[in-house]
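Numbering (the working numbering), first residue to last: 6 to 469.
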């Protein structure tokens with residue numbers, strides 16, 4: 006129950022942060038509303054299918070590498086899938102992909118998998134991810150010279166990694182580390198050195214087993230499903246409102262995705278990669294000749310939708326992991342005092358309540374932006390006799406102008422009435438929304454607000 010409450014609280018806080026990012030955005034970010042609202046459901050469903058597919062391949066790759074490292078306690082395919090699904094949500098939560106250590110914690114605490122074998126499987130997986138990047142990298146190159154240069158660079162990196170795994174690690178690094186670790190006498194330092202030694206030995210055992218080809222083929226599946234899903238989701242969020250971005254092919258979209266992913270992996274203080282991801286990808290779009298403003302908007306919408314989907318799937322996986330059967334602990338857990346248990350339960354409930362309140366407040370801030378669609382066209386009502394008499398008295402007493410906004414013409418425009426004639430004429434005829442009119446002191450000019458997008462609710466105080 007404790008882990009269930011913590012998992013739910015973390016998921017609610019994360020979703021609340023995403024809601025806050027949109028609700029507290031600037032004028033440009035307010036343009037996200039149409040993109041998020043009109044994201045193609047079919048493309049979003051395809052992205053979820055691809056995410057599940059890449060998670061299946063990734064979890065099986067972890068199981069293959071754990072088996073190669075000699076891990077005796079390998080979780081079943083279902084449990085490994087849930088842990089990997091949760092890992093997908095945690096990986097970008099902290100800078101420099103430090104959130105990936107959450108996968109190690111899940112496997113170690115819930116399934117009693119050795120930390121050293123987890124680290125070895127993660128290290129070898131990272132190497133195979135680099136090798137598997139060759140396929141999308143080749144697809145992104147617009148010319149043969151760039152293809153040759155990129156292939157040479159990526160090939161050198163992959164060859165260096167493979168040489169280090171097969172030759173450098175077992176022949177030089179492990180013996181050298183063993184000699185250095187033999188001279189460590191302090192107990193805490195000795196425990197750390199022993200852990201590093203076990204991790205290196207686990208990596209060497211993976212090299213010794215004939216499972217690397219299977220891991221490489223699974224890595225190809227991981228990369229294929231991942232970038233196919235992101236490409237389809239990019240089309241889904243840009244298809245209606247950013248047609249110039251939606252028309253971009255894979256040779257343009259994939260380099261931007263790779264650049265954004267690389268920038269988000271840098272050790273920058275960015276929660277969930279926001280800011281770094283958009284900066285790296287927008288730089289590539291600009292080099293490819295696309296408008297930076299449209300590219301930034303498209304990548305921010307893609308990032309928000311993909312993160313919301315990933316955290317929803319990951320939060321559900323954490324709940325299932327908590328509710329499911331966990332590996333029995335090797336040592337008995339001492340019973341806690343009743344008072345301590347009550348305090349812990351109260352603290353967890355308070356954490357869950359605060360997280361729920363925070364997410365609810367951020368969702369309320371989103372809803373307070375008003376309707377995302379314009380109301381039906383207004384109709385000028387007939388003035389009753391009492392109103393006509395009041396208007397006649399008004400026209401007789403005053404001479405001047407009245408301004409207001411109305412959608413009686415099909416769009417929210419500014420209307421002006423001349424007194425005492427009582428004639429009404431439109432001041433604006435624009436496809437965007439105009440409201441909040443004010444007359445200048447001399448009555449010759451009208452000041453008003455115009456929306457940045459064709460329709461913005463008057464309750465939205467940003468996109469004007």
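Note that beta-carbon positions come from the ideal geometry of N, C-alpha and C, so glycine has one too. Predicted, not measured: the structure shown is a model, and the values here were computed from it.
Note that the C-beta distance between residue 222 and residue 299 is not below 8 Å. For residue 283, the three-state secondary structure derived from DSSP is helix. Between residue 241 and residue 394, the C-beta gap is not smaller than 8 Å, which leaves the two residues out of contact.
Under the DSSP assignment, residue 442 falls in the beta strand (DSSP E) whose first and last residues are 439–444.
Residue 128 sits away from residue 224, with the two beta carbons spaced by 8 Å or more.
Nearest neighbour of residue 234 by Cα position, chosen from 401, 285, 111, 60, turns out to be 60. Taking a contact as a CB-CB distance under 8 Å, the pair residue 310 and residue 41 counts as one, their CB atoms being some 7 Å apart.
Less than 8 Å divides the Cβ of residue 198 from the Cβ of residue 186.
Only residues of its own chain outside the window of five on either side were considered, and among them 70, 73, 74, 125, 129 have a CB closer than 7 Å to the CB of residue 211, listed in chain order. If you draw a 10 Å sphere on the C-beta of residue 238, you find 16 or more other C-beta atoms in it, and that means buried.
Here the stretch 433–449 lies against the stretch 400–416, with 3 or more beta-carbon pairs under 8 Å apart. Here residue 406 is bridged, per DSSP, to 423. Counting only the Cα atoms, residue 232 lies some 18 Å from residue 132.
Look at the beta carbons and you see the stretch 264–272 touching the stretch 280–291: at least three pairs across the two are nearer than 8 Å.
Rounded to the nearest whole angstrom, the C-alpha separation of residue 420 and residue 306 is 36 Å.
The three-state secondary structure of residue 216, taken from DSSP, is coil. In this chain, the alpha helix (DSSP H) harbouring residue 311 covers 297–328. Cβ neighbours of residue 407 within its own chain (closer than 6 Å, five residues either side excluded): 422. For residue 56 and residue 111, the gap between their C-alpha atoms comes out near 20 Å. The C-alpha of residue 203 lies about 37 Å from the C-alpha of residue 54. A buried status is given to residue 315, since no fewer than 16 other beta-carbon atoms sit within 10 Å of its beta-carbon. Of the candidates 404, 460, 454, 431, 404 places its Cα closest to the Cα of residue 447. Residue burial is scored here from C-beta neighbours: residue 107 has at least 16 other C-beta atoms within 10 angstroms and is therefore classed as buried.
Residue 82 and residue 65 have their C-alpha atoms roughly 7 Å apart. The C-alpha of residue 229 is placed about 15 Å away from the C-alpha of residue 219.
Residue 281 sits close to residue 269, with the two beta carbons spaced by under 8 Å. The beta-bridge partner set that DSSP reports for residue 428 consists of 423. Nearest C-alpha to residue 384 among 411, 402, 320: 411. Residue 452 carries a strand assignment under DSSP once its states are collapsed to helix, strand and coil.
When the beta-carbon positions are compared, residue 105 and residue 117 stay at least 8 Å from each other. Beta-bridge pairing by DSSP links residue 411 to 418. At least 8 Å separates the beta-carbon of residue 201 from that of residue 177. In the DSSP assignment, residue 178 falls outside any alpha helix (DSSP H) and carries neither an H nor an E.
Closest in C-alpha terms to residue 88, from the list 352, 359, 326, comes 326. In the displayed model, residue 112 falls within a helix according to three-state DSSP. Sorting 191, 205, 295 by C-alpha distance to the C-alpha of residue 169 places 205 at the top.
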